[in-house]
């Protein structure tokens with residue numbers, strides 16, 4: 001909510017023992033030249049001043065009243081996107097007091113900080129099983145929109161996993177984010193009759209580029225592959241055991257969709273390059289993936305959507321690519337028709 005007010009009360013003559021109060025009202029339109037004198041943010045307790053100043057500094061560059069309105073809306077969206085405030089409202093008022101300019105404005109942000117500690121519990125379905133997921137979150141850890149979260153899951157097939165994640169804006173810029181994550185995960189591939197358990201860490205840095213979002217990351221994973229059944233094929237059994245993967249990855253994404261899950265318009269173009277084995281580990285390969293999604297509303301609620309995805313990888317060690325590094329087709333939105341004669345394949 002953004003509200004503007006510009007009134008000055010002036011005491012006039014007497015009538016029936018009462019004061020007449022004449023109200024002089026200043027009308028602003030978009031072309032009024034104004035100057036922002038002060039910006040105040042009320043309701044802060046845990047958030048640091050330098051973080052707030054960085055988000056609000058663009059307000060002092062506004063030259064007209066229209067610019068002020070647009071800048072206030074931008075700053076309001078930034079504060080909401082930080083994820084540490086329950087509510088944000090804006091009041092624009094004329095400047096008062098010593099040092100106030102004739103066309104000066106005071107801008108007041110009223111915020112309510114959210115809870116610092118929260119917990120959650122929910123169920124999830126994935127990896128061929130149902131899971132109970134318990135989580136906790138510590139928000140605004142150091143007062144600059146940092147977040148620390150922990151999730152623990154236990155599945156119906158006795159699998160367990162955890163995910164400890166910490167992320168923070170870089171240089172108080174919300175569009176630049178550094179994320180550090182430690183995890184344990186497990187996945188079952190029933191058609192290939194093997195299970196993979198991974199324990200590792202990921203560090204990634206995300207920032208906006210001139211054409212889209214860029215992400216650079218490093219991940220180190222200790223992986224264990226074992227057979228699900230005694231009938232697993234010999235090629236699958238040969239892949240069982242431990243391996244250590246250390247890789248660097250670059251992701252480029254340009255996304256103009258109106259929604260991420262069920263978009264009605266826009267497109268997604270994504271490129272992923274991964275180089276494993278050049279920073280350590282016992283697996284070495286080069287892998288590339290590309291993804292394109294197009295969405296267009298035809299009429300009413302009829303939407304045309306096209307999704308193409310492909311990849312290519314090559315082992316750089318002379319050995320064949322391990323089964324848990326290969327591509328596996330499938331997904332809830334895939335429509336495929338294939339006659340399978342043999343099971344327990346390598347993918």
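Residue numbers (UniProt numbering): 1 to 347. Glycine included, each C-beta is placed from N, C-alpha and C at the ideal position.
No residue range can be given for residue 44, since it is assigned to no beta strand (DSSP E) and is classified by DSSP as neither H nor E.
Straight through space, the alpha carbons of residue 176 and residue 312 are spaced by roughly 30 Å. Under a 10 Å Cβ-count criterion, residue 245 is classified as buried, with 16 or more other Cβ atoms of the shown protein chains found around its own Cβ.
In this structure, 51 is the residue among 212, 51, 211 and 209 with its C-alpha nearest to the C-alpha of residue 142. Around the beta carbon of residue 158, fewer than 16 other beta carbons lie within 10 angstroms, which makes this residue exposed. Per the C-alpha coordinates, the member of 307, 283 and 84 positioned closest to residue 326 is 283. In the DSSP secondary-structure assignment, residue 189 is bridged to 194. Scanning 213, 67, 187 and 203 for the CA closest to the CA of residue 227 turns up 187.
In this structure, residue 42 keeps its C-beta atom at 8 Å or more from the C-beta atom of residue 78. Bridge partners of residue 255 according to DSSP: 268.
Restricted to the region 85-167, the beta strand (DSSP E) segments that are unbroken, complete and at least 3 residues in length are 85-94, 104-113, 117-126, 129-139 and 147-155, listed in chain order. Here residue 172 carries a coil assignment [DSSP, helix/strand/coil]. For residue 182, the CB contacts under 6 Å within the same chain, skipping 5 residues up- and downstream, are 164 and 201 in chain order. Around the CB of residue 210, fewer than 16 other CB atoms lie within 10 Å, so the residue is classed as exposed. Under the DSSP assignment, residue 226 falls in the beta strand (DSSP E) whose first and last residues are 213-227.
For residue 236, the uninterrupted alpha helix (DSSP H) run begins and ends at 234-238, by DSSP.
Sorting 173, 145 and 135 by C-alpha distance to the C-alpha of residue 161 places 135 at the top. Distances from the alpha-carbon of residue 225 to those of 254, 215, 194 and 276 put 194 closest. Of 89, 259, 274 and 74, the smallest CA-CA separation from residue 305 is found for 259. A straight-line Cα-Cα distance of about 37 Å links residue 102 and residue 83.
Shortest Cα-Cα distance from residue 124 to any of 155, 240 and 285 involves 155. In its chain, beyond the 5 residues on either side, 185, 221 and 223 have a beta carbon closer than 6 Å to the beta carbon of residue 198. For residue 298, the enclosing beta strand (DSSP E) covers residues 285-299. Closest in alpha carbon position to residue 39, among 65, 91 and 300, is 91. The three-state reading of DSSP puts residue 329 in coil, since its state is none of H, G, I, E or B. The alpha-carbon of residue 170 is positioned some 9 Å away from that of residue 205. Assignment of residue 74 by DSSP, reduced to helix, strand and coil, places it in the helix class.
If you ignore the 5 residues before and after residue 179, its C-beta comes within less than 6 Å of the C-beta of 167 and 204, all in its own chain and listed in chain order. Using a Cβ distance threshold of 8 Å, residue 296 and residue 268 do not count as a contacting pair.
Considering only 257, 273, 63 and 151, the residue with the shortest C-alpha distance to residue 247 is 273.
Residue 57 and residue 49 have their C-alpha atoms roughly 12 Å apart. Between the C-alpha atoms of residue 140 and residue 85 there is a straight-line separation of about 10 Å.
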